[in-house]
Amino acid sequence: MSDKSHNNPKFVALSTEEKKTLGFWGSYFGQLTGMGLSKEELAERESKKILEAEELACKRCEQWRDELLQSSPIVKFMKDHLSRSGYEITSENMPCTKCDESRSGGFSPEYGIDLCWNGFFSKDHMEDTMAHEMIHAYDHCNFKVNWLNLEHHACSEIRAASLSGDCRLLRELKRGHYGFIKQHQKCVKRRAILSLLSNPSCKSKEDAERAVNKVFDSCFNDTRPFDEIY
Ligand SMILES: [Zn+2]
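Heads up, the sequence shown is in UniProt numbering, so the first residue is 1 and it goes up one at a time.
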C-alpha cells in the first residue's frame, strides 16, 4: 500500500516552485474547462466569451461590407447610382451596429444606412440587405418620399424587396426560371407588409396590407435604376 502511494506522484511532497507551477496549471485548466471556478469567475468568463464573439461578428460585418463594396455587382451598381443622386456611400457612413433581432439593416433619412452585425446569417444575406437599404436611399434621394405616409413607404419596400434579391427575382430570371414570377410577387408583398408594420403610422396589419395592395402594381413595375443593364 505505502509502496504504491510512493510511486504515485500525487503523494510526493512538492517543492514551493512546483506548487506555484501546479497553481498556474490548475487555474489555466480551470479557465479552459470551467472546473474549480467560482460563480463570479464563471460569469466573468461567460461575459468575456460573449464580448469576444460580438467583436468577431462586428469585424466580420465590416470585412464583408468592405468586400461587397468592392466586388458585388448589385452593390457597386447601386453605389454608382447613389453617387449620381448626390449620396456618396463609403464604409464610414454605412456602419455595422448591433440591432434588435428582427432586422438585418436599416435606412433612415437622418442617419443613412446601418448594417446589423448580429443580423446576418451569410455574406449573400448581407449583400441583399445592402442592396435593399440602398434602394431606400435611392428612393429618398430621387423621389419626394414621406416615410410617415404608408403608401410612400409601401412603394419603397415593394421596390426594395423586389429589386434587391430579397426574393431572388433577378437570380431566378438569370437562370431562366420565369415561372417564379408569381411566387416572387407573393414574396415581395409579404415582405413589404412586414416592413410596414414597424412604421409608426401603421396601426394594424390591415393598414399595411391596404397600402401595399393599393400601390403594388405601379411600384412593382417601377424598376429604376435597374432599367439599365447592370
Ligand atoms: Zn426596407
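By construction, the Cβ of each residue, glycine as well, lies at the ideal position given by its N, Cα and C atoms.
- For a cut-off of 8 Å, the C-beta gap from His81 to Pro225 is around 4 Å, short enough to register as a contact.
- The secondary-structure analysis by DSSP pairs Ile113 across a beta bridge with Phe107.
- Contact between the segment 204-212 and the segment 187-196 is present, with at least three C-beta pairs closer than 8 Å.
- Per DSSP, the beta bridge partners of Thr97 are Cys116.
- In chain order, Trp117 and Asn118 place their CB closer than 8 Å to the CB of Ala57, counting only its own chain and leaving out the 5 sequence neighbours on each side.
- The residue from Ala161, Lys203, Ser201 and Cys202 with its alpha-carbon nearest to that of Gln183 is Ala161.
- At least one heavy atom of ligand 1 lies less than 8 Å from the C-beta of Ser195.
- The segment 102-109 makes no contact with the segment 76-92; the number of CB pairs closer than 8 Å stays below 3.
- Following the DSSP letters along the chain, one finds Asn213 inside the alpha helix (DSSP H) bounded by residues Lys205 to Phe220.
- Taking a 10 Å sphere around the C-beta of Tyr138, we find 16 or more other C-beta atoms and assign the residue as buried.
- Trp147 and His153 have their alpha carbons spaced roughly 5 Å apart.
- Closer than 8 Å to some heavy atom of ligand 1: that does not describe the Cβ of Phe220.
- Cα atoms of Thr97 and Asp114: separation of roughly 7 Å, rounded to the nearest angstrom.
- The beta carbons of Asp66 and Ser91 sit about 6 Å from each other, so the pair counts as a contact at 8 Å.
- Set against 8 Å, the gap from the CB of Ala160 to the closest heavy atom of ligand 1 is smaller.
- Closest by C-alpha distance to Thr223, out of Ser201, Asp124, Leu163 and Glu133, is Leu163.
- Separation of Pro95 and Glu62 (C-alpha to C-alpha, rounded to the nearest whole angstrom) is 8 Å.
- Less than 9 Å separates the beta-carbon of Val215 from that of Cys155.
- Going by C-alpha positions, Ser47 is about 30 Å away from Asp124.
- For Val145, there is no enclosing alpha helix (DSSP H), as DSSP marks it with neither H nor E.
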